[in-house]
Amino acid sequence: MVLHRPDEEWTEPGSFRVVDVAGESVIVVRGEDGALRAHLNLCRHRGAQLLCGEGVVRGAIRCPYHAWAYALDGSLVASPFVEPADVPKRPNACTPSPSTPGRVRVRESHAGRRTLAEQLGGAIERVERYPLAGLRAAKTLRYDVAANWK
């Protein structure tokens with residue numbers, strides 16, 4: 000996906016728009032250094048959506064779930080209530096894509112992704128012997144639980 004006229008639409012640091020790229024939510028944002036970047040629109044802690052629509056971010060992009068904060072360049076700047084040793088060591092979910100003057104290129108990369116069968120490993124073979132298609136519900140229980148959404 001190529002976004003044209005980004006210099007007219009993202010004029011100040013923190014200007015952003017959330018776009019859909021091949022079914023993935025992506026944030027296009029102008030950084031403090033003036034560069035445009037594209038990041039996956041999810042928190043690397045619990046996968047919550049970081050932003051919606053368009054507007055201007057003041058300061059940091061903050062996750063609404065546990066308040067993890069990301070700089071406009073995508074780097075993690077705060078992870079409240081989590082010890083530094085417990086922060087996942089994987090790359091930021093806010094992964095930048097390269098841009099050129101006047102354009103932002105957002106590419107979906109499948110490098111390193113595995114199929115569902117590869118992810119499940121031997122689980123498929125282990126459950127094949129069970130007649131899952133023939134199973135029927137014998138009883139349904141419904142009840143309310145007093146719990147919050149977290």
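Using numbering that gives the first Met the number 0, the letters of the sequence shown correspond one by one to residues 0 to 149. For each residue, glycine too, the CB sits at the ideal point set by N, CA and C. Given the structure is predicted, the values throughout are model-derived calculations rather than measurements.
Please report how far the alpha carbon of Y129 lies from the alpha carbon of P63, in whole angstroms. 42 angstroms
Between D72 and A116, is the Cβ-Cβ spacing less than 9 angstroms? no
Between R43, T114, Q48, E53, which has its C-alpha nearest R29's C-alpha? E53
If we count the other Cβ atoms within 10 Å of its Cβ and call it buried at 16 or more, is R135 buried or exposed? exposed
Compute the Euclidean distance between the alpha carbons of A66 and E127, then round it to the nearest angstrom. 43 angstroms
Considering only the alpha carbon of each residue, which of T10, I123, Y69, T114 lies closest to V55? T10
Could you tell me which residues DSSP puts in a beta bridge with R36? V28
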